[in-house]
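I have placed the structure first, in the form of structure tokens, so that the comments after it can refer back to it.
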Amino acid sequence: MPDFEILPGLRDHSGAQASHGGHGIDEIIAVIDHLSAAKIPSCVVGVMALYYYGAGRITDEWDLCVPDDQLEAAAGTLLSDGDGAKYEVAKPPPPVPGSLRHTFRCFQLRGYNFWFLLVPSSDCFVDPSVPEHIESSRNLVPYASLVQFARSLLVQQLTADLADLVDGMDLDVEWGEQHIGFKTLQEASANFIGLRNRRVSASGGDDYGRLSPKGMEALWREIASKEEKAKRIEPMKQGRYFTRWRSYKYPQDPRIRDRPV
1170 MPDFEILPGL
1180 RDHSGAQASH
1190 GGHGIDEIIA
1200 VIDHLSAAKI
1210 PSCVVGVMAL
1220 YYYGAGRITD
1230 EWDLCVPDDQ
1240 LEAAAGTLLS
1250 DGDGAKYEVA
1260 KPPPPVPGSL
1270 RHTFRCFQLR
1280 GYNFWFLLVP
1290 SSDCFVDPSV
1300 PEHIESSRNL
1310 VPYASLVQFA
1320 RSLLVQQLTA
1330 DLADLVDGMD
1340 LDVEWGEQHI
1350 GFKTLQEASA
1360 NFIGLRNRRV
1370 SASGGDDYGR
1380 LSPKGMEALW
1390 REIASKEEKA
1400 KRIEPMKQGR
1410 YFTRWRSYKY
1420 PQDPRIRDRP
1430 V
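If you count by my numbering, then the sequence shown holds residues 1170 to 1430, one letter each, in order.
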């Protein structure tokens, strides 16, 4: 540990660098395999999933979605070797608006700059035990599938993340109409909001993460319209990019490019 105090929200990077230039692909696969050996399914959501889908986002922390009824077993499995365990409990991330991440268990690979959180599947609207909710990267990392991840960001009302997903994958209004299923999602969002708000109340803190009803189709149209996508392209990228994150020079699907995902 360093001799100085780490500021809130920052991580101590005095450990060894994770694989793939610090991205931690080998390490997250090891975590997922460790859980899988205990028959606990999991998949990547959050910022690292956005990066997989082409957004220019990066983070020190992986968000690993696990079924609610297996969260305790997952934590126990990761710490099962006691003092000799590969993983140790780490401090949670700081609170941010629209999220309960600061309430979830966080772990670190001992001696490495590699952290991950166990996220309840009910809080991210992804079920890693359902094959249709998962897709694997070129490196065989399981991520929330494109369709379910889009639904997840909609019900969580994470508009900035949803915009990054739309721009990373160059999605449009028509894609949402074909794949998302807005009527069913609207019904599911009411249940999700109730569950989320009860958890916010139970956490005893501020109203971080509290949600209000919103129209799912209207939200999608607002984010995925041609006009809004064009507005999000920075002036210096004009003429070189067709979305905020996709350039004419590298127009291919980001999932098939050789990247650390």
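Idealized CB from N, CA, C, for every residue including glycine.
All figures in this text were calculated on a predicted structure; none of them were measured in a lab.
Original post:
Taking one C-beta from the segment 1366–1378 and one from the segment 1309–1322 each time, how about it: are there three or more such pairs within less than 8 Å?
Top reply: Cβ pair count under 8 Å is below three, so no.
Original post:
To the nearest angstrom, how far is it from the Cα of threonine 1412 to the Cα of glycine 1225?
Top reply: Start at 1 with the first residue of the sequence shown, and residue 1412 comes out as number 243. Start at 1 with the first residue of the sequence shown, and residue 1225 comes out as number 56. Roughly 12 Å between the two C-alpha positions.
**OP:** Specify whether the segment 1380–1395 and the segment 1341–1358 touch according to this definition: at least 3 beta carbon pairs, one from each stretch, less than 8 Å apart.
**Re:** Yes: the two stretches touch, three or more of their Cβ pairs being nearer than 8 Å.
Original post:
Helix, strand or coil: which one does DSSP assign to tyrosine 1221?
Top reply: Counting from one through the sequence shown, the residue named residue 1221 turns up at place 52. In the three-state scheme derived from DSSP, where H, G and I count as helix and E and B as strand, tyrosine 1221 is classed as helix.
**OP:** Count the other CB atoms, across all protein chains shown, that sit within 10 Å of the CB of phenylalanine 1419; report buried if there are 16 or more and exposed otherwise.
**Re:** Against the sequence shown, residue 1419 aligns to sequence position 250. Here residue 1419 is tyrosine; the residue named in the question, phenylalanine, does not match the sequence. A residue is called buried once 16 or more other Cβ atoms fall within 10 Å of its Cβ, and tyrosine 1419, having fewer, is exposed.
**OP:** Note the first and the last residue of the continuous alpha helix (DSSP H) segment covering leucine 1327.
**Re:** Position 158 of the sequence shown, counting from 1, holds the residue named residue 1327. Per DSSP, leucine 1327 belongs to no alpha helix (DSSP H) and is neither H nor E.
Subject >> Within 9 Å, strictly: CB atoms of histidine 1189 and proline 1429 >> reply: Stepping through the sequence shown from its first residue, residue 1189 is reached at position 20. Stepping through the sequence shown from its first residue, residue 1429 is reached at position 260. Inclusion of histidine 1189 and proline 1429 in the CB contact set at 9 Å is warranted, their separation being smaller than that value.
Original post:
So what's glutamate 1230 in DSSP terms, helix, strand or just coil?
Top reply: Counted from its first residue, the sequence shown places residue 1230 at position 61. Strand.
Subject >> Residue closest to arginine 1180, alpha-carbon to alpha-carbon, out of Glu1230, Val1335 and Pro1210 >> reply: Looking up residue 1180 in the sequence shown gives position 11. It is Glu1230.
**OP:** Identify whether serine 1416 lies in helix, strand or coil by the three-state DSSP scheme.
**Re:** For the purposes of this step, residue 1416 is taken as the residue at position 247 of the sequence shown. Three-state result, serine 1416: strand.
Original post:
Under the three-state reduction of DSSP, which class applies to phenylalanine 1273: helix, strand or coil?
Top reply: In the sequence shown, counting from the first residue as 1, residue 1273 sits at position 104. In the structure shown, phenylalanine 1273 sits in coil (DSSP, three-state: anything other than H, G, I, E or B).
Original post:
Going by the CB atoms, is the gap between leucine 1331 and leucine 1388 shorter than 9 Å?
Top reply: On the sequence shown, residue 1388 is found 219 positions in, with the first residue counted as 1. On the sequence shown, residue 1331 is found 162 positions in, with the first residue counted as 1. In this structure, leucine 1331 lies closer than 9 Å to leucine 1388 by Cβ.
**OP:** Count the other C-beta atoms from every protein chain shown that fall within 10 angstroms of the C-beta of isoleucine 1425, then say buried if there are 16 or more, exposed otherwise.
**Re:** The residue given as residue 1425 occupies position 256 in the sequence shown. So isoleucine 1425 ends up on the exposed side.
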